[in-house]
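Q: A single structure is presented below for examination.
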Amino acid sequence: GLFVTDYFTRTPRKLSPFRSFASIELFHFHIPEDTVIAVWNLITFKEQGGTFGDQCPDRSITVYFRSGAPSVINPLHTHFPRDTAVPGSFALTLTWTLPNRTTGVFNVTSPLPGDWFLAAHLPKDEGKISVKGLYEECQYLFQPQLIVQRLVNIAVLYPGHVTEQSMAPHNRSCLYKVFVPSYTSRVLVEVLRCRGAEGCPLWLRVRAKAPPLHNSTTLDCREHTPCQLAQDLPFWQHWYYVLVEKHPGVPGTVSFQVTVQLTDCSRPSLARPPFLPSSASMNMPHSFGSAGGLALGDSPPPTSPNDTKHPVPIPATSHTGERCWPVRPTLRNELDTFSVHFYIFFGPNVSVPPDRPAVFVINLLPVLDSGGVLNLELRLNVSSLCGENVTVFGCLNHEVPLTSGDNTSVTCETESLAGFLLSVNATASLSRLRIPYPQTGSWYLSLRSLCATEHGFEPCTNVTAEVYLRAYLSPCINDCGIYGQCKLLRTNNYLYAACECKAGWNGWGCTDNAEAFSYGFQLLSTLLLCLSNVMFVPPVAIAVRSHYLLEAAVYIFTMFFSTFYHACDQPGIVVFCIMEYDVLQFCDFLGSLMSVWVTVIAMARLQPIVKQASVLYLLGAMLLSMALQMDRHGLWNLLGPSLFALGIMAVAWTARTIRRRHCYPPTWKRWAFYLCPGALIAAAAVLLYAFVETEENYFYIHSIWHLLIAGSVGFLLPPRAKPSRRLGPLPRRKGCGYQLCVNEQEELGLVDPAVASINSICTS
Numbered sequence: 001g002l003f004v005t006d007y008f009t010r011t012p013r014k015l016s017p018f019r020s021f022a023s024i025e026l027f028h029f030h031i032p033e034d035t036v037i038a039v040w041n042l043i044t045f046k047e048q049g050g051t052f053g054d055q056c057p058d059r060s061i062t063v064y065f066r067s068g069a070p071s072v073i074n075p076l077h078t079h080f081p082r083d084t085a086v087p088g089s090f091a092l093t094l095t096w097t098l099p100n101r102t103t104g105v106f107n108v109t110s111p112l113p114g115d116w117f118l119a120a121h122l123p124k125d126e127g128k129i130s131v132k133g134l135y136e137e138c139q140y141l142f143q144p145q146l147i148v149q150r151l152v153n154i155a156v157l158y159p160g161h162v163t164e165q166s167m168a169p170h171n172r173s174c175l176y177k178v179f180v181p182s183y184t185s186r187v188l189v190e191v192l193r194c195r196g197a198e199g200c201p202l203w204l205r206v207r208a209k210a211p212p213l214h215n216s217t218t219l220d221c222r223e224h225t226p227c228q229l230a231q232d233l234p235f236w237q238h239w240y241y242v243l244v245e246k247h248p249g250v251p252g253t254v255s256f257q258v259t260v261q262l263t264d265c266s267r268p269s270l271a272r273p274p275f276l277p278s279s280a281s282m283n284m285p286h287s288f289g290s291a292g293g294l295a296l297g298d299s300p301p302p303t304s305p306n307d308t309k310h311p312v313p314i315p316a317t318s319h320t321g322e323r324c325w326p327v328r329p330t331l332r333n334e335l336d337t338f339s340v341h342f343y344i345f346f347g348p349n350v351s352v353p354p355d356r357p358a359v360f361v362i363n364l365l366p367v368l369d370s371g372g373v374l375n376l377e378l379r380l381n382v383s384s385l386c387g388e389n390v391t392v393f394g395c396l397n398h399e400v401p402l403t404s405g406d407n408t409s410v411t412c413e414t415e416s417l418a419g420f421l422l423s424v425n426a427t428a429s430l431s432r433l434r435i436p437y438p439q440t441g442s443w444y445l446s447l448r449s450l451c452a453t454e455h456g457f458e459p460c461t462n463v464t465a466e467v468y469l470r471a472y473l474s475p476c477i478n479d480c481g482i483y484g485q486c487k488l489l490r491t492n493n494y495l496y497a498a499c500e501c502k503a504g505w506n507g508w509g510c511t512d513n514a515e516a517f518s519y520g521f522q523l524l525s526t527l528l529l530c531l532s533n534v535m536f537v538p539p540v541a542i543a544v545r546s547h548y549l550l551e552a553a554v555y556i557f558t559m560f561f562s563t564f565y566h567a568c569d570q571p572g573i574v575v576f577c578i579m580e581y582d583v584l585q586f587c588d589f590l591g592s593l594m595s596v597w598v599t600v601i602a603m604a605r606l607q608p609i610v611k612q613a614s615v616l617y618l619l620g621a622m623l624l625s626m627a628l629q630m631d632r633h634g635l636w637n638l639l640g641p642s643l644f645a646l647g648i649m650a651v652a653w654t655a656r657t658i659r660r661r662h663c664y665p666p667t668w669k670r671w672a673f674y675l676c677p678g679a680l681i682a683a684a685a686v687l688l689y690a691f692v693e694t695e696e697n698y699f700y701i702h703s704i705w706h707l708l709i710a711g712s713v714g715f716l717l718p719p720r721a722k723p724s725r726r727l728g729p730l731p732r733r734k735g736c737g738y739q740l741c742v743n744e745q746e747e748l749g750l751v752d753p754a755v756a757s758i759n760s761i762c763t764s
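Next comes the structure, spelled out in structure tokens:
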């Protein structure tokens, strides 16, 4: 056949260690129809400081693949919330082949068409809290590329029509496809008039949505006469692919005919009409492809009117489950992103008669609805059972309803169909089901009531059960509970939601408490972080005693906002916020930096030059506010003002040393008992803050940081300045002079100078 190759790529993104699904990188691809092979080229490389990170350690990278919706992953093996269905996905771990680069390849033969999602992450780390800008961080970048090869002009089989085909010796197979509309209960594919060198040396394979694989439904035509392959309960509104494959080593040409018959479940005794005037009558897409057969390896032959023969009547036989029931639609009401309610007409109470099932359909929009959680709730009205032992079973299936006629065993699965089972009775009257990241399309819920007897379940008589049905789409499971936050995330144009847990809680819905912090531990952590700020009381007292009132005001500001910021910043339930979190954080960071600034400026002893000192205080406050607004977690927010203030102090001390020709401060006691201990304490605090602090020890390490910083201020703050000697009046020169008149009341600001009487003091 003719192949077309398409190439897709995505921008490289930085990977993060896994903590929750909110920390993964998600990539969205779209695979077209009739794709025979998809190849993902997975490129990973390291960077450090803008160059290749040859010195970065090798960290394994895990990539997940899933069709239709993002993967529901659980690398930490945490517990899922109750009543949660976990769809499967495929995982691949990449190992490094070069010091700074590695490449992995993932092939999928005959992939399902539509949306495909890749999720990638690094393994969980130790949770070290690093200061931004302290050192060049190793970055691991991941870039997936997709190459697809798809067939064009695949032959289309029309139901009830016969298509003739001759397979040349150098050809091995022929591929066809047929569109299955809604309300189809059975697809029957048959090979007729097969003639070859060894009877009928053909295999017949059928698969939905994509070309068949080696493990698809297969029939050997040499062992079965007639060569018929049936598919019960096919997927509605999808293409079915038929592959006729020749046995290896068979010489000569093999000729045969292929025909397909679809059984209409709304009329189980009749097959679908063999001829329809247009594709719209069958709900077929307008792009059918070619009408003739297509041999793989050959160019498509020109079609002619003789390729398609008149329909051959095939009698429709009765099969279990061929009959279908009316499907009741639901009304979609969108409230917000991933907040959709599906209302049932004349609901939400649903009557389930004893003789037939009640079928409902829930339509999820492509791409838009796959990033949330599909929730289903059944509640049985026990008073409607009239004392009978009735059980209402519900089967939720994707793209086709399942209504089994077997009453002895209740299941929602077949050989080619998987579903979810719900049941309610008088004992357990409530049943819930949650499906995170559901596949889009049509979901069918089939409800039927059965009575429990000694021989199993049997149809009930004259009992109509009443069930309250609720179906809705939500961003997260139970809004992540009280120990989590539901985050709305975006990758390119795709939106999805995920929980970010706190206080040691884990899991998809933050319900796994295996590593959760107890209430006592949360209370102790909050008290440690808040009460450690009381250490600022001694520096405030020292500053007031030494007449450093501005410095004392800054220390009080820092103590107040640091206390309430940490009371609001707690991950658990021991939280108290007096203002918005962002305001408290800004004030805490500003107070901390201003405390360093005013302390160092005070150590410079610029009091004799009053105006210059005031300018430095005001300049520091403005520059620090600007820096914090730009980046609150940057390293230079702390080092920049500190180094600048230390530079001013060094210049002032050097000038005094040169002028006095003696080291400043002049006494060795000041160096030994105040400056050196204060500097060592401050250095220890900075080292703890920059290199020791992690998420696990944050509570007590950061509390120690509070104690050390406040203690260092008490040591470093200079003593009260000695009052300067009052200078006597200068001797006045005799002779000619000038007269200076001062309005006494105007200088005191007591009255308006325009109204006041002139009472001047004149001095020669």
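Mind the numbering: the sequence shown is residues 1 to 764 in the UniProt record's numbering, read in order. From the three backbone atoms N, C-alpha and C, an ideal C-beta is built for every residue, glycine too.
Are L233 and T217 close, meaning C-beta to C-beta below 8 Å?
A: Going by C-beta atoms, L233 is not nearer than 8 Å to T217.
Q: Assuming V540 is part of the alpha helix (DSSP H), what are its boundary residues?
A: Its alpha helix (DSSP H) spans residues 537-545.
Q: Who are the Cβ neighbours of T5 in its own chain at under 6 Å, not counting the five residues just before and after it?
A: So the qualifying residues of the chain are Q149.
Q: Pull up the CB-CB distance for T184 and T263, whole angstroms please, since I reckon it's below 8 Å.
A: Contact flag correct, Cβ pair sits at about 7 Å.
Q: CB-CB under 8 Å to C577, same chain, minus the five flanking residues each way: which ones, in chain order?
A: If we look at C577 and ignore the five residues flanking it on each side, its Cβ neighbours are F564, A567, C568, L584.
Q: Rounding to the nearest angstrom, what Cα-Cα distance links L717 and M649 in this structure?
A: Rounded to whole angstroms, L717 to M649 spans 13 Å at the Cα level.
Q: For C194, which of C221, S173, A208 has the nearest alpha-carbon?
A: Closest by alpha carbon: C221.
Q: Which class does E322 belong to by DSSP, given the choice of helix, strand or coil?
A: Residue placement at E322 is poorly supported in this model, since its pLDDT is 49, which falls under 50; the coordinates are not used for a value here.
Q: Could you spell out where the beta strand (DSSP E) holding C174 opens and where it closes?
A: Unbroken beta strand (DSSP E) run through C174: 173-180.
Q: Just to confirm the assignment, what range does the alpha helix (DSSP H) spanning G706 have?
A: A small correction: the amino acid at residue 706 is His; Gly does not occupy that position in the sequence shown. Per DSSP, H706 belongs to the alpha helix (DSSP H) from 698-716.
Q: Should A541 and E551 be called a contact, given that it needs their Cβ atoms to be closer than 8 Å?
A: Contact flag unset, no.
Q: What span of residues does the beta strand (DSSP E) with residue 765 cover, start to end?
A: For residue 765 there is no data in the structure shown, the boundaries of the chain being 1 and 764.
Q: Give me the Cα-Cα distance between Q570 and Y444, rounded to the nearest whole angstrom.
A: Near 44 Å, if we compare the C-alpha coordinates of Y444 and Q570.
Q: Give every residue of the same chain whose Cβ lies closer than 6 Å to the Cβ of T9, excluding the five residues on either side of it in the sequence, and list them in chain order.
A: Excluding residues within five positions, the ones whose Cβ falls inside 6 Å are Q145.
Q: By Cβ distance below 8 Å, which residues in the same chain neighbour P17 in space, the five residues on each side in sequence not counted?
A: Once the five neighbours on either side are set aside, the close Cβ partners of P17 are S23, H121, L122, P123, K124, D125.
Q: Report yes if the CB atom of P81 is closer than 8 Å to the CB atom of I573, and no otherwise.
A: In this structure, I573 does not lie closer than 8 Å to P81 by Cβ.
Q: Could you please give the first and the last residue of the uninterrupted alpha helix (DSSP H) stretch that includes Q439?
A: It is not in any alpha helix (DSSP H) - Q439 carries neither H nor E in the DSSP assignment.
Q: Distance cutoff 8 Å, beta carbons only. Does N375 sit that close to anything in chain B?
A: The displayed structure is made up of one protein chain only, and chain B is not part of it.
Q: Express the C-alpha separation of F536 and A710 in angstroms, rounding to a whole number.
A: Rounded to whole angstroms, A710 to F536 spans 5 Å at the Cα level.
Q: So, is A683 buried or exposed, given that buried needs 16 or more other C-beta atoms within 10 angstroms?
A: Under this definition A683 is an exposed residue.
Q: When we look at the beta-carbon of A498 and count the other beta-carbons within 10 Å, is it buried (16 or more) or exposed?
A: Under this definition A498 is a buried residue.
Q: Are the beta-carbon atoms belonging to P641 and W597 less than 8 Å from one another?
A: Yes, the pair counts as a contact, with Cβ atoms nearer than the cut-off.
Q: Exposed or buried, which one is E515 when buried takes at least 16 other CB atoms within 10 Å?
A: With fewer than 16 Cβ atoms within 10 Å of its Cβ, E515 is classed as exposed.
Q: Looking only at its own chain, which residues have a Cβ that is under 8 Å from the Cβ of T391, when we skip the five neighbours before and after it?
A: Same-chain partners within the cutoff: S423, V424, N425, S449, L450, C451, A452, F457.
Q: I think T511 touches H79, with their Cβ atoms under 8 Å apart; what is that distance to the nearest whole Å?
A: About 7 Å; that satisfies the 8 Å criterion.
Q: Quick one: what's got a C-beta closer than 7 Å to H702's C-beta in the same chain, skipping five residues either side?
A: Taken in chain order, the residues that qualify are L529, E693.
Q: Would you mind working out which of L15, A503, Q522, F521 sits nearest N513, comparing C-alpha positions?
A: Of L15, A503, Q522, F521, the residue nearest in Cα terms is A503.
Q: By Cβ distance below 8 Å, which residues in the same chain neighbour F235 in space, the five residues on each side in sequence not counted?
A: Here the set comprises V180, A208, K209, E399, V400.
Q: Nearest CA to the CA of H547: which residue from G252, T464, G387, R720?
A: Comparing Cα-Cα distances from H547 to each of G252, T464, G387, R720, the minimum goes to R720.
Q: Quick one: Cα of R432 to Cα of A690, how far?
A: Distance between the alpha carbons of R432 and A690 is about 48 Å.
Q: Thinking just about the alpha-carbon of each residue, which of E413, L489, F342, P348 is nearest to the one in G371?
A: When each option's Cα is compared against that of G371, the closest is L489.
Q: For the region 467-543, list the alpha helix (DSSP H) runs that are entirely contained and at least 4 residues long, ordered along the chain.
A: As far as the region 467-543 is concerned, its whole alpha helix (DSSP H) runs of at least 4 residues are 519-531.
Q: Can you tell which of I704, V258, L92, P113 has the C-alpha that lies nearest to the C-alpha of S60?
A: When each option's Cα is compared against that of S60, the closest is L92.
Q: Reducing DSSP to helix, strand and coil, say where Q55 ends up.
A: If DSSP states are grouped into helix, strand and coil, Q55 belongs with coil.
Q: Keeping to the same chain, check which residues put their C-beta closer than 6 Å to that of Q48; ignore five residues upstream and five downstream.
A: The answer, listed in chain order, is C56, E136, C138.
Q: Please tell me whether Q165 and V258 are closer than 8 Å, where the distance is taken between their beta carbons.
A: Yes, they are a contact pair.
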